[in-house]
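Engineer: A single structure is presented below for examination.
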Amino acid sequence: MGPSRKADRRVVNACSRCRQHKIKCTGETPCRNCIQRNAICHFEKEATKVQITRKRLSELHHRNRELERENLGLQQRLSRTIETTPTPQYPGENSPMNSTNPAVADSESMVIHDEQENVNMINPLSSGPPEYITDPAGKPYYLGHTSTWSLTVRLLNLTHEALYKCPFPSTAHHIDSVIYDLKWNGMRSQAVPDIQGLPAIDHALFLINATKFHTGQIFHLFDEANFMDQLYRFYENPVENVHTAGLWLPHFLVIIALGKAFVGARNRGNMPPGCEFFRAALMMLPDYSLLWKEPSTSAEILCAFALYLQSIDWRTSAHNMVHGYHTDLSTRFTNEQELVRCQNIWWTVYILERQISVLMGTPLSISDNDINTSLPLFPDSPLKTATLLIHVKLSKAFSRIVNALYRDTGDMESTFVKSTQEVLQRVADVASELRENFPVPDQGALSGISRVSGYLNLLYHQCIMLATRPFLFMLVEIRAKGTDPQTEVPAPIQLLLQICLESAKKTSQILGSLQEQNLLECFLPFDLESTVSAGLVVTMASLVDLPLIANRKSYLDMLLSVLDRMIDHGNLIALDKKSKIHQLESLCVNLKDSPSSSLINTSDPLQLQQSSLQDDTLAARISRDGRDSYLRQKIYAEGQREDCGEEDCEEEDEEEEQEQEDLATDAYRWANDISPSQLLEAANMLEGGSLLDWVDLPSSSFLFGFVGGE
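In our numbering, the protein residues as written are 15 to 724.
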């Protein structure tokens, strides 16, 4: 039986003609088919046959797409250069020598054809004219694209408009620098401010160490050796030295102001903790034109000021402190220690500028392409080196999100989905290092979560939510406007929505772990930002009724309990954020219960007739959709594998089916974490313009059509 079957099998090395026509080849030279048709029989050399893994093939496809985009950009820049360069006219320009190269013409027509086939999509959070809200005095405040505060305002306006046919009252929104009051009119005095009540040296050391614990691993706010040396000299005779301390004194005051806020000190009324020291530091701060005489110390002071101002919701003032201060100070160093200090300062300014710009939704001050400053190395602390490296990479991911996904320009067009794909791939690259150096312990683990690990992992999930929540907001827009509720959402977009929701769930779990260990940052804005961002995602998911998150209420309750902890520590901003989430949740419930509304169809209607919506999980739908796509692709692939035998093909089919099942079941494990491979799988699924055919909103910010089409 064995020999007879071998005789019937297709040979491994088929001739080129048989392989092209997908017919069985006898393997002889020449083969019988070519003899019968009097055709040239040609066999490829075995040395030219290469086998690679599926992962490597995917990487090559990705690299090829990158090169194509770079080539297109070079062609466009070249064409613009040619257009702007005056060309003298000579006789005989239409001669064959000056005619267009057919290869170039074909290439250009191909590029235009590809562009016309792409679907045109624009981020709904950044398209259209700029949006503002006004305070009671009529002063406008810009709603930044990436700002969570801005997203809250948009969602409240959208849901309130859908329910009551009028926007949410503008007087109900808080605006910049109104929650806390510094009790200072901004005027400086030449006299030394009253700084009575300075802490004793042991108390000052306690406050400085509190600031080091909460910020030392992620920001550089002072050079410890120089700072502490001046501290001891100052306390030898504070009454006299207060007049000669120079820049060190406001630097010291802002550091202990932060320390007082970190230890949980509370002031009466609407004055923030540490306000008396911070206000004195502000009044002693010299003009910007004088700060440049001591650039290193000045940069450290301004970073500390920006961090405090951002924490009390004085966003504009905080942004002004660091905006435009991107100067490579390494040229001023005199020794290795000074170089490391300057590098620390530079990257702290960079990280703060990126994060504050994202929090406000303002443009970035400098392009990442113009940055050539190296990262400092800490040979005695590899973990500190890894912390800074991952922190900078995540900040660069924020840069890419702002520039590629939230840019309010008309040239994004069909690049939005591709840019989302690229952003997810970049975040996946950071995820590998993050999981290796700063893993999040499982529930019930022997060791708890560290503060640095919590901060970096929250920042990682903030990147994912920021990149994917425009798709969720678009569904909310459809839901609120009651347009086409039976819209089918394709599996790749559903996968993006699940990634967004899984990041919100993971954010809730990390914040809960930090709360259990009393490691929540109740003054710095970053834990608060992650809490509100995750809360908005969970609330939006409830409005569109996506069957992607079980026990939604438990996650929202966890996030609200985190806000309660911050409120208990005197954070008035958390009180306002909690109020807005409650208002949005109430509007969403009323909108879902309104008679004129109906749910968006994110499931197969036939499947819904057979089982309940709760039982039909996204992973199962992705499995079905992926299996259908797999079977369709298999039909085509059969003709491409004529050079393998039937047994080999069957084994390959079984391997592909197993990989397909593994990909589908991966979604069930996302409750623990989103692995880099899962992010890459999601990014690779974002291919093809047909993914966005599910949207048809004439009034929506998602614009669809052909580029240059009618």
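Where a beta carbon is used, it is the ideal one built from N, C-alpha and C, also for glycine.
What's the gap between the Cα of C658 and the Cα of K36?
Structural biologist: One-based indexing of the sequence shown puts residue 658 at position 644. One-based indexing of the sequence shown puts residue 36 at position 22. Bear in mind that the predicted position of C658 carries a pLDDT of just 45, short of 50, making it unreliable; the figure below should be weighed with that in mind. About 12 Å.
Engineer: Can you check whether the CB of T387 is closer than 8 Å to the CB of Q357?
Structural biologist: Indexing the sequence shown from 1 puts residue 357 at position 343. Indexing the sequence shown from 1 puts residue 387 at position 373. Yes, the pair counts as a contact, with Cβ atoms nearer than the cut-off.
Engineer: Is the stretch 298 to 315 touching the stretch 562 to 577, taking contact as three or more C-beta pairs under 8 Å?
Structural biologist: With a cut-off of 8 Å, the stretch 562 to 577 and the stretch 298 to 315 do not count as touching, because too few Cβ pairs lie within range.
Engineer: Going along the chain, which residues of its own chain have a beta-carbon closer than 6 Å to the beta-carbon of S30, five neighbours each way excluded?
Structural biologist: By one-based count along the sequence shown, residue 30 stands at place 16. Only H56 meet the Cβ criterion.
Engineer: Is there contact between the stretch 532 to 548 and the stretch 505 to 512, where contact requires at least three CB pairs shorter than 8 Å?
Structural biologist: With a cut-off of 8 Å, the stretch 505 to 512 and the stretch 532 to 548 do not count as touching, because too few Cβ pairs lie within range.
Engineer: Of the residues T553, L550, Q597 and Q529, which one's Cα is nearest the Cα of H583?
Structural biologist: Position 569 of the sequence shown, counting from 1, holds the residue named residue 583. Of T553, L550, Q597 and Q529, the residue nearest in Cα terms is Q529.
Engineer: Taking just the CA atoms, how far does V551 sit from D590?
Structural biologist: Walking along the sequence shown from the start, residue 590 turns up at place 576. Walking along the sequence shown from the start, residue 551 turns up at place 537. Each residue's alpha carbon lies about 18 Å from the other.
Engineer: Please check the pair S556 and C602, which I expect to be a contact at CB under 8 Å, by giving their CB distance rounded to whole angstroms.
Structural biologist: Position 542 of the sequence shown, counting from 1, holds the residue named residue 556. Position 588 of the sequence shown, counting from 1, holds the residue named residue 602. The pair is a contact, with the Cβ atoms about 6 Å apart (cut-off 8 Å).
Engineer: The alpha helix (DSSP H) with H596 in it runs from where to where?
Structural biologist: As a first step, residue 596 must be located in the sequence shown, where it is residue number 582. Taken as a continuous stretch (DSSP letters only), the alpha helix (DSSP H) holding H596 covers L586 to D607.
Engineer: Pull up the distance between the alpha-carbon of D456 and that of I524, whole angstroms please.
Structural biologist: Start at 1 with the first residue of the sequence shown, and residue 456 comes out as number 442. Start at 1 with the first residue of the sequence shown, and residue 524 comes out as number 510. Distance between the alpha carbons of D456 and I524 is about 10 Å.
Engineer: Apart from the five residues just before and just after Y474, which ones in its own chain have a Cβ nearer than 8 Å to its Cβ?
Structural biologist: Along the sequence shown, read from residue 1 onward, the residue named residue 474 stands at position 460. Cβ within range, chain order: L408, V441, V444, A445 and L448.
Engineer: L235 and T225 look like a contact to me (Cβ under 8 Å); what is the Cβ gap, rounded to whole Å?
Structural biologist: Locating residue 235 in the sequence shown gives position 221, counting from the first residue. Locating residue 225 in the sequence shown gives position 211, counting from the first residue. Indeed, because the Cβ distance is near 7 Å, the residues count as touching under 8 Å.
Engineer: Answer yes or no: do Q539 and S325 have a C-beta to C-beta separation smaller than 8 Å?
Structural biologist: Stepping through the sequence shown from its first residue, residue 539 is reached at position 525. Stepping through the sequence shown from its first residue, residue 325 is reached at position 311. Residue identity check: residue 539 is Pro in the sequence provided, not Gln. A contact, by the Cβ cut-off of 8 Å.
Engineer: On the criterion of 16 or more Cβ atoms from any shown chain inside 10 Å, does Y246 qualify as buried, or is it exposed?
Structural biologist: Residue numbering aside, residue 246 sits at position 232 when the sequence shown is read from its first letter. Exposed is the call here.
Engineer: Sort N85, L74, I232 and L165 by Cα distance to L373 and report the nearest one.
Structural biologist: Translated into the one-based positions of the sequence shown, residue 373 becomes position 359. Selected option, being the one with the closest Cα: L165.
Engineer: Using beta-carbon positions only, say whether I587 and I193 come within less than 8 Å of one another.
Structural biologist: The count along the sequence shown starts at 1 and reaches residue 587 at position 573. The count along the sequence shown starts at 1 and reaches residue 193 at position 179. Yes.
Engineer: Cβ atoms of V256 and R263: under 8 Å apart, would you say?
Structural biologist: The residue you call residue 263 lines up with position 249 of the sequence shown. The residue you call residue 256 lines up with position 242 of the sequence shown. The identity of residue 263 in the sequence shown is Leu, whereas the question assumes Arg. For L263 and V256, yes; Cβs fall inside 8 Å.
Engineer: Could you check if E666 is buried or exposed, using at least 16 other CB atoms within 10 Å of its CB as the buried criterion?
Structural biologist: Position 652 of the sequence shown, counting from 1, holds the residue named residue 666. Any reading at E666 needs caution, since the residue's pLDDT is 47, under 50, leaving its predicted position unreliable; the model's value is listed next. With fewer than 16 Cβ atoms within 10 Å of its Cβ, E666 is classed as exposed.
Engineer: Taking just the CA atoms, how far does I222 sit from N240?
Structural biologist: Position 226 of the sequence shown, counted from the first residue, corresponds to residue 240. Position 208 of the sequence shown, counted from the first residue, corresponds to residue 222. Whole-angstrom Cα-Cα distance: 14 Å.
Engineer: Taking a contact to mean a Cβ-Cβ separation below 8 Å, would you say T545 touches V466 in this structure?
Structural biologist: Translated into the one-based positions of the sequence shown, residue 545 becomes position 531. Translated into the one-based positions of the sequence shown, residue 466 becomes position 452. No, the Cβ-Cβ distance between T545 and V466 is not below 8 Å.
Engineer: Is it the case that the Cβ atoms of S522 and Y569 are separated by a distance below 8 Å?
Structural biologist: Along the sequence shown, one-based indexing puts residue 522 at 508. Along the sequence shown, one-based indexing puts residue 569 at 555. In contact: S522 and Y569 (Cβ atoms closer than 8 Å).
Engineer: Smallest Cα separation from L486: which of L139, S593, T67 and R77?
Structural biologist: In the sequence shown, counting from the first residue as 1, residue 486 sits at position 472. Considering only alpha carbons, the answer is L139.
Engineer: Between the C-alpha atoms of L489 and W360, what's the straight-line distance to the nearest angstrom?
Structural biologist: In the sequence shown, the residue the question calls residue 489 occupies position 475. In the sequence shown, the residue the question calls residue 360 occupies position 346. C-alpha separation (whole angstroms): 40 Å.
Engineer: Just tell me which of L305, L304 and I269 has its CA closest to the CA of E290.
Structural biologist: As a first step, residue 290 must be located in the sequence shown, where it is residue number 276. Taking only the C-alpha atoms, the option nearest E290 is I269.
Engineer: Which residue from P44, N585, T553 and F412 puts its Cα closest to that of L605?
Structural biologist: If you number the sequence shown from 1, residue 605 lands on position 591. Cα-wise, what sits closest to L605 is T553.
Engineer: Could you pull the start and end residues of the alpha helix (DSSP H) that W361 belongs to?
Structural biologist: Taking the sequence shown and counting its residues from 1, one reaches residue 361 at position 347. Looking at the DSSP string, the run of the alpha helix (DSSP H) that includes W361 is E350 to M374.
Engineer: Rounded to the nearest angstrom, what separates Y178 and Q597 at their Cα positions?
Structural biologist: Counting from 1 along the sequence shown, the entry for residue 178 is found at position 164. Counting from 1 along the sequence shown, the entry for residue 597 is found at position 583. Distance between the alpha carbons of Y178 and Q597 is about 14 Å.
Engineer: Note down the Cα distance separating T173 from L353, rounded to an integer number of angstroms.
Structural biologist: Within the sequence shown, numbered from 1, the residue matching residue 173 stands at position 159. Within the sequence shown, numbered from 1, the residue matching residue 353 stands at position 339. If you take the alpha carbons of T173 and L353, they lie about 53 Å apart.
Engineer: Can you tell me whether Q623 is buried or exposed, with buried defined as 16 or more other CB within 10 angstroms of its CB?
Structural biologist: Mapped onto the sequence shown, residue 623 falls at position 609. Low per-residue confidence applies at Q623: pLDDT is 34, beneath 50, and the placement is therefore not dependable enough to give any value.
Engineer: Taking C-beta to C-beta, are T160 and V363 nearer than 8 Å?
Structural biologist: Taking the sequence shown and counting its residues from 1, the one referred to as residue 160 is at position 146. Taking the sequence shown and counting its residues from 1, the one referred to as residue 363 is at position 349. No, Cβ-Cβ distance for T160 and V363 is not below 8 Å.
Engineer: E82 to V437, Cα distance in whole Å?
Structural biologist: Taking the sequence shown and counting its residues from 1, the one referred to as residue 82 is at position 68. Taking the sequence shown and counting its residues from 1, the one referred to as residue 437 is at position 423. Distance between the alpha carbons of E82 and V437: 18 Å.
Engineer: For L323 and A271, what's the separation of their Cα atoms in angstroms?
Structural biologist: To locate residue 323, count along the sequence shown from 1; it is residue 309. To locate residue 271, count along the sequence shown from 1; it is residue 257. Each residue's alpha carbon lies about 11 Å from the other.
Engineer: With DSSP collapsed to three states, give me the class of T258.
Structural biologist: Position 244 of the sequence shown, counting from 1, holds the residue named residue 258. Reduced to three states, the DSSP call for T258 is coil.
Engineer: For F181 and E175, which I take to be in contact (beta-carbon distance under 8 Å), what is that distance rounded to the nearest angstrom?
Structural biologist: As a first step, residue 181 must be located in the sequence shown, where it is residue number 167. As a first step, residue 175 must be located in the sequence shown, where it is residue number 161. Residue identity differs from the one stated: residue 181 is Pro in this sequence, not Phe. 6 Å between Cβ atoms; contact.
Engineer: For D327, is the classification buried or exposed, using 16 other Cβ atoms within 10 angstroms of its Cβ as the cut-off for buried?
Structural biologist: Along the sequence shown, read from residue 1 onward, the residue named residue 327 stands at position 313. The residue in question, D327, is buried, as its Cβ has 16 or more Cβ neighbours within 10 Å.
Engineer: So R293 is in the alpha helix (DSSP H); what residue range does that whole segment cover?
Structural biologist: As a position in the sequence shown, residue 293 is number 279, starting the count at 1. First-last of the alpha helix (DSSP H) with R293: C289 to M298.
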